[in-house]
Structures are given as C-alpha cells and as structure tokens.
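Peer 1: Numbering (my numbering), first residue to last: 67 to 231.
C-beta atoms are modelled at their ideal positions from N, C-alpha and C, and glycine is treated no differently.
Predicted model only: the values in this text are computed from it and were never measured.
Please see the structure below; I have some questions.
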Amino acid sequence: METKLERIARVAKEKPNEKITSLAGIINEETLKESHRKMCGKKAAGVDQMTKDDYEENLDGNIESLVSRMKRQAYKPQPVRRTYIPKAGSNKMRPLGIPSYEDKLVQDVLCDILNAVFEGDFLDCSFGFRPGRGCHDALKALNRVIQHGEINYVVDADIKVITSL
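Printed below as a string of structure tokens:
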C-alpha cells in the first residue's frame, strides 16, 4: 500500500507542472510520533533543555499539544542554542546551532515532505543534502568521470570571502 509521501513523490515526478497546494495534513500526530521514534536519543538539548527521554515521558500529550499549536498557527520555533566546537586541524572554534527537541521533530517531518516533493527534480549527478547520497558517492562519481571520461583539465578552487566591518 502506497504511503502519502510516496503518492506525493509519484505525483510530483509524473506531473512536474502541477502545483501541490496543501501538505499541512501530512504533519499530524502519526508522522510526528514516527519522527520521534527514529530520532537519536543521544543528541544535545536545545535552549529548552528537553531531551528525547524527557519528551517521551508525556509523548501523547506533547504531540497533541504540538499538532494543536500548528493547526491554529500558534507554533513558534524556539531560538537555536549556539555552541562552539573545535575545528579539526586548527585551534579555531566552529559555531554549531542546536534546535529544541520539538523543532527537530517538525524539521524532520518537513524534510521528509520536501524530499518527496523535490527529489524527482534532481539530476542523477546531484549529491548535496539528498537522502541516501553523500560526499563519498560524489567522489566516486567524480573519479569515474576523471578516469573514464575525456578530461583535459581538472581545476580546484576554494573561494574565501573576507568581509571587514
């Protein structure tokens, strides 16, 4: 049996000019609970200090409240907690944003919906931030092109933008 997301993905691929107007119905208690189930419990907490275990203590009530706030457009994402982690290979620090647990759930469900809608539009040679694809897949594809294609030049560029205030 085809899921709602699979149906959306199929319609988006088969009818690329058709507008998909309402996806809010997919964000419901069932999809949020599924997102909760697949969420890693070892992730850092956001500004609300809520962890997966804390949220699960009243899972039904928390999810019901979240869906209710979303339906009446009262849901507001919380500020992202900023922390700094060491940058590999240097003594500099890299900023890291950690969203609240509820925001992670909503983002995960929205990510699934957007993937279903837009995945069919991407070319096979596109790798960035796509499900089931990563940097190593991109490097393997690049290696195949360089090894077996008619390549005259390989240009590597790294652009660094410097702003002064």
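What is the DSSP secondary structure of Ile86, counted as helix, strand or coil?
Peer 2: For the purposes of this step, residue 86 is taken as residue 20 along the sequence shown, with counting starting at 1. DSSP places Ile86 in coil when its eight states are reduced to three.
Peer 1: Which first and last residues belong to the beta strand (DSSP E) in which Arg160 is found?
Peer 2: In the sequence shown, the residue the question calls residue 160 occupies position 94. Residues 159-164.
Peer 1: Would you list the residues sitting across from Arg138 in a DSSP beta bridge?
Peer 2: Taking the sequence shown and counting its residues from 1, one reaches residue 138 at position 72. DSSP, once it has assigned bridges, lists no residue as partnering Arg138.
Peer 1: In whole angstroms, give me the CA-to-CA distance for Ala75 and Gly186.
Peer 2: Position 9 of the sequence shown, counting from 1, holds the residue named residue 75. Position 120 of the sequence shown, counting from 1, holds the residue named residue 186. Between Ala75 and Gly186, the C-alpha separation is close to 7 Å.
Peer 1: Less than 8 Å separating the beta-carbons of Leu89 and Ile129?
Peer 2: The residue given as residue 89 occupies position 23 in the sequence shown. The residue given as residue 129 occupies position 63 in the sequence shown. No.
Peer 1: In the structure shown, what three-state DSSP assignment does Tyr150 receive?
Peer 2: For the purposes of this step, residue 150 is identified with residue 84 of the sequence shown, where counting begins at 1. Note: Tyr150 maps to strand in three-state DSSP.
Peer 1: Scan the segment 158-219 and note each continuous beta strand (DSSP E) run of 3 residues or more that stays entirely inside, going in chain order.
Peer 2: List check, beta strand (DSSP E) in window: 159-164.
Peer 1: Among Leu132, Gly91, Val221, which one has its Cα closest to the Cα of Lys170?
Peer 2: Taking the first residue of the sequence shown as position 1, residue 170 is located at position 104. Here the closest residue by C-alpha is Leu132.
Peer 1: Could you check what DSSP says for Ala78 in three-state terms: helix, strand or coil?
Peer 2: One-based indexing of the sequence shown puts residue 78 at position 12. Reduced to three states, the DSSP call for Ala78 is helix.
Peer 1: Given a cut-off of 8 Å, decide if Gly112 and Ser166 are closer than it, judged by their beta-carbon atoms.
Peer 2: In the sequence shown, residue 166 corresponds to position 100, counting from 1. In the sequence shown, residue 112 corresponds to position 46, counting from 1. Yes; because the gap between Cβ atoms is below 8 Å, this pair is in contact.
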